[in-house]
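Asker: Residues -9 to 184, numbered by the working numbering, are exactly what the sequence shown covers, in order. Virtual Cβ for every residue (Gly too), placed ideally from N, Cα, C. Treat the numbers as computed from the prediction; the structure is a model and nothing was measured. Sharing a structure, written as structure tokens. Questions coming.
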Amino acid sequence: MEKVTTTSSTAPTKRSRLAAWWKGVVSEAPQIVGSWDFYVGVPIGIAIALPTALSDAVAASMGSAFIAACGIAAAIATLVITAMTVLIAIIGPNYRLLLDNVAGGVPGVLWPYKVVAVGAVLASLSALCLGIVWPLVVSFPWWATWVLAAIPLALLAWSLLGCVQVVLQVARHFSYNQRADKLAAEVADRRKRA
């Protein structure tokens, strides 16, 4: 059993919260890597980065392209956070009861949204940094330029596809919420008749 250090009887320390977060990330890593948005998006981003290392003409325009990618990734993060907010708002009491009785519960439902939002934020930050230092990066060996360019582009492609996935999940959870309300109404109706 893991010992949790606390500063008071109820509040875990920052270190214990970080350890718990990291443990959650490691335990969920197979689901993240096994998700279609990851195994399709990351290779696409890596492939898109290759011309930046092989073509001087492409490399010359990439500084501003990375700044644009920064804005796109920030917009994706905003969209995903909005979708997560909508999801939280549509979870009714009947569906919440169902979710509370399955592994992960409501936090498990929110996990994919958090992963995509963090990926989009990392894409935004790495694209911003690379856009600023791009004039220095183009003088690196081709493979180093490719690796550095691949980081924000892989994160961006993964985030774009992840955004599609979580928006589809909102629709699915809305449908499940409606079904839970319908089932609860049917059960209440049967109890009245009995």
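Please list the terminal residues of the continuous alpha helix (DSSP H) segment that includes residue 102.
Answerer: Taking the first residue of the sequence shown as position 1, residue 102 is located at position 112. 95 to 127 is the extent of the alpha helix (DSSP H) around residue 102.
Asker: Using a Cβ-Cβ cut-off of 6 Å (strictly less than) and excluding sequence neighbours within five positions of residue 110, which residues of its own chain qualify?
Answerer: In the sequence shown, counting from the first residue as 1, residue 110 sits at position 120. Correct list, in chain order: 63, 66, 67 and 149.
Asker: Considering only residues of the same chain and omitting the five flanking positions on each side of residue 92, which have a CB-CB separation below 8 Å?
Answerer: Position 102 of the sequence shown holds residue 92. Closer than 8 Å at the Cβ level, and outside the excluded window around residue 92, lie 98.
Asker: According to the Cβ coordinates, are residue 103 and residue 166 closer than 8 Å?
Answerer: Mapped onto the sequence shown, residue 103 falls at position 113. Mapped onto the sequence shown, residue 166 falls at position 176. No.
Asker: When the Cα of residue 105 is compared with those of 87, 152, 157 and 135, which residue comes out closest?
Answerer: By one-based count along the sequence shown, residue 105 stands at place 115. It is 152 whose Cα lies nearest to the Cα of residue 105.
Asker: Compute the beta-carbon to beta-carbon distance between residue 43 and residue 136, rounded to the nearest angstrom, for a pair I have assumed lies under 8 Å.
Answerer: Along the sequence shown, read from residue 1 onward, the residue named residue 43 stands at position 53. Along the sequence shown, read from residue 1 onward, the residue named residue 136 stands at position 146. That belief holds up - the Cβ atoms of residue 43 and residue 136 are roughly 4 Å apart, short of 8 Å.
Asker: Distance check for residue 79 and residue 175, CA to CA, integer angstroms please.
Answerer: One-based indexing of the sequence shown puts residue 175 at position 185. One-based indexing of the sequence shown puts residue 79 at position 89. Cα to Cα, the separation comes out at about 20 Å.
Asker: Less than 8 Å between the C-beta atoms of residue 59 and residue 156, yes or no?
Answerer: Within the sequence shown, residue 59 is the residue found at index 69, counting from 1. Within the sequence shown, residue 156 is the residue found at index 166, counting from 1. The answer is no: Cβ separation not under 8 Å.
Asker: What is the residue span of the alpha helix (DSSP H) that residue 177 lies within?
Answerer: Position 187 of the sequence shown, counted from the start, is the residue given in the question as residue 177. 132 to 183 is the span of the alpha helix (DSSP H), which, as asked, contains residue 177.
Asker: Quick one: using the 10 Å Cβ neighbour count with 16 as the cut-off for buried, is residue 123 buried or exposed?
Answerer: Translated into positions along the sequence shown, residue 123 becomes position 133. Classification for residue 123: exposed.
Asker: Looking only at C-alpha atoms, which of 128, 142, 101 and 130 sits nearest to residue 119?
Answerer: The residue given as residue 119 occupies position 129 in the sequence shown. Ranking the options by Cα distance to residue 119, first place goes to 142.
Asker: Since residue 146 contacts residue 107 with CB under 8 Å, what's their CB separation in whole angstroms?
Answerer: Here residue 146 refers to the residue found at position 156 when the sequence shown is read from its first residue. Here residue 107 refers to the residue found at position 117 when the sequence shown is read from its first residue. Not quite, the Cβ-Cβ distance comes to about 13 Å (not below 8 Å), so this is no contact.
Asker: Nearest-angstrom Cα distance between residue -6 and residue 6?
Answerer: Residue numbering aside, residue -6 sits at position 4 when the sequence shown is read from its first letter. Residue numbering aside, residue 6 sits at position 16 when the sequence shown is read from its first letter. With a pLDDT of 47 at residue -6, under the threshold of 50, the predicted position of this residue should be treated as unreliable, though the coordinate-derived value follows. Going by the C-alpha atoms only, they are around 6 Å apart.
Asker: At what residue ranges does the region 30 to 89 contain a whole run of the alpha helix (DSSP H), taking only runs of 4 or more?
Answerer: Correct list: 46 to 80.
Asker: Taking residue 168 as the reference, which of 154, 90 and 81 has the closest Cα?
Answerer: Position 178 of the sequence shown, counted from the first residue, corresponds to residue 168. Among 154, 90 and 81, the Cα nearest to that of residue 168 belongs to 81.
Asker: Is residue 28 closer than 8 Å to residue 22 when the C-beta atoms are compared?
Answerer: For the purposes of this step, residue 22 is taken as the residue at position 32 of the sequence shown. For the purposes of this step, residue 28 is taken as the residue at position 38 of the sequence shown. Yes.
Asker: Once you ignore the five residues that flank residue 140 on each side, which residues in its own chain have a CB closer than 6 Å to its CB?
Answerer: If you number the sequence shown from 1, residue 140 lands on position 150. Answer for residue 140: 36 and 39, listed in chain order.
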